[in-house]
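Note that this note's numbering gives residue 389 to position 181 of the sequence shown, counting from 1, and the numbers run on in steps of one.
Please read the structure below before turning to the comments.
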Amino acid sequence: MLAVTCDEMKAMDDYTIKDLGIPGILLMENAAFRVMENIDLEKNNKFTILCGIGNNGSDGLAIARQLMIKDKHIDLFIVGDVRKGTENFKTYFNFLTNININYVNVTKKDDLNTLQRALEENDMTIDALFGLGLSKNIDSLYFDVISYTNHYSLYTLSVDIPSGINCNTGNVMGIAIKADKTITFHMMKKGLLGIEGYTGKVLVENIGIPDQATKAVLKSS
Numbered sequence: 209m210l211a212v213t214c215d216e217m218k219a220m221d222d223y224t225i226k227d228l229g230i231p232g233i234l235l236m237e238n239a240a241f242r243v244m245e246n247i248d249l250e251k252n253n254k255f256t257i258l259c260g261i262g263n264n265g266s267d268g269l270a271i272a273r274q275l276m277i278k279d280k281h282i283d284l285f286i287v288g289d290v291r292k293g294t295e296n297f298k299t300y301f302n303f304l305t306n307i308n309i310n311y312v313n314v315t316k317k318d319d320l321n322t323l324q325r326a327l328e329e330n331d332m333t334i335d336a337l338f339g340l341g342l343s344k345n346i347d348s349l350y351f352d353v354i355s356y357t358n359h360y361s362l363y364t365l366s367v368d369i370p371s372g373i374n375c376n377t378g379n380v381m382g383i384a385i386k387a388d389k390t391i392t393f394h395m396m397k398k399g400l401l402g403i404e405g406y407t408g409k410v411l412v413e414n415i416g417i418p419d420q421a422t423k424a425v426l427k428s429s
């Protein structure tokens with residue numbers, strides 16, 4: 209199976225958005241829909257969703273919206289300063305706050321008690337803390353959130369890549385989510401190969417990036 213680097217995948221995203229004119233938010237909606245297709249909604253009714261403030265967090269918020277449509281119970285935790293989120297994050301965050309979704313902005317140790325209860329009580333955890341661009345070791349509250357998730361979550365699904373895994377090498381950046389399943393998008397990432405203890409089962413899903421973008425990037429690599 210052909211696997212790509214983080215830079216190659218980002219270049220495919222950029223080509224799709226900037227050169228072909230496909231909105232990034234549409235790709236995120238497609239990603240959320242593909243994740244939903246991989247969840248057994250008959251057996252899973254209560255979800256803990258962990259979001260960072262980058263585009264991986266945006267995917268998590270889009271999934272939260274999809275689950276709301278299905279009338280599922282959601283405990284949403286956002287780690288990071290929401291004012292510093294990416295534009296796509298802010299778009300989804302503003303939408304969800306406008307429809308009065310409840311969320312916990314994890315800013316202090318006491319918030320971890322609330323997280324622990326949700327992880328223990330809910331059927332599934334959706335990991336959307338960090339995506340492909342992680343380049344430094346995880347510390348502070350992010351470290352604690354991942355540690356709690358690994359210890360208390362009944363079942364964890366990671367979006368694109370388990371948070372804390374280096375996309376290119378598969379190295380653990382201080383700590384990483386140990387997922388039961390990983391849904392990655394468009395193409396396999398090099399860092400996902402051979403680390404089943406962190407990825408669980410890996411599925412590659414199509415989110416609408418045209419072959420033209422793939423060929424343009426790989427041709428120039």
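A virtual CB, placed ideally from N, CA and C, is assigned to each residue, including glycine.
- Cβ-Cβ distances below 8 Å link Asp331 to Lys251, Asn252, Asn253, Lys254, Phe255, Leu362, Tyr363 in the same chain, with the five nearest sequence neighbours on each side left out; the list follows chain order.
- Here Ala211 really is in contact with Leu401; their C-beta atoms are around 6 Å apart, less than 8 Å.
- By the Cβ rule, the region 411–420 counts as touching the region 228–237, because three or more pairs are nearer than 8 Å.
- Note on the region 296–340: whole beta strand (DSSP E) runs with a minimum of 3 residues are 311–314, 332–336, in chain order.
- Scanning the region 219–305 from its first residue to its last, the whole alpha helix (DSSP H) runs of 4-plus residues come out as 232–245, 263–277.
- Annotation for Ser428: the continuous alpha helix (DSSP H) segment containing it runs 419–428.
- When only Cα atoms are considered, Ile257 and Thr224 end up about 28 Å apart.
- At a Cβ-Cβ threshold of 8 Å, Val314 and Ile286 count as neighbours.
- Note that the C-beta distance between Asn264 and Leu323 is not below 8 Å.
- By the neighbour-count criterion, in which a residue is buried when 16 or more other Cβ atoms sit within 10 angstroms of its Cβ, Ser371 is buried.
- Taken atom to atom, the span from the alpha-carbon of Val243 to that of Ser428 is near 30 Å.
- For Val410, the enclosing beta strand (DSSP E) begins and ends at 409–413.
- Shown here for Asn296: same chain residues with a beta carbon closer than 7 Å to its own, the five before and five after excluded, namely Gly232, Ile233, Met236, Asn263, Ser266 in chain order.
- Assignment of Ile354 by DSSP, reduced to helix, strand and coil, places it in the helix class.
- In terms of Cβ geometry, Val367 and Gly268 form a close pair [threshold 8 Å].
- A distance below 8 Å separates the beta carbons of Leu340 and Cys214.
- 8 Å or more divides the Cβ of Gly293 from the Cβ of Phe303.
- By DSSP's assignment, Ile373 forms a beta bridge with Val380.
- The beta carbon of Glu328 is closer than 7 Å to those of Tyr360 in its chain, skipping five residues each way along the sequence.
- By the Cβ-count criterion, Gly260 is buried, with 16 or more other Cβ atoms from all chains shown falling within 10 Å of its own Cβ.
- Just measuring C-alpha positions, the residue of Leu249, Thr422, Ala387, Asp335 sitting nearest His394 is Thr422.
- Here the C-alpha atom of Ile403 lies approximately 14 Å from the C-alpha atom of Met381.
- With contacts defined by Cβ atoms closer than 8 Å, Thr377 and Gly399 form a contacting pair.
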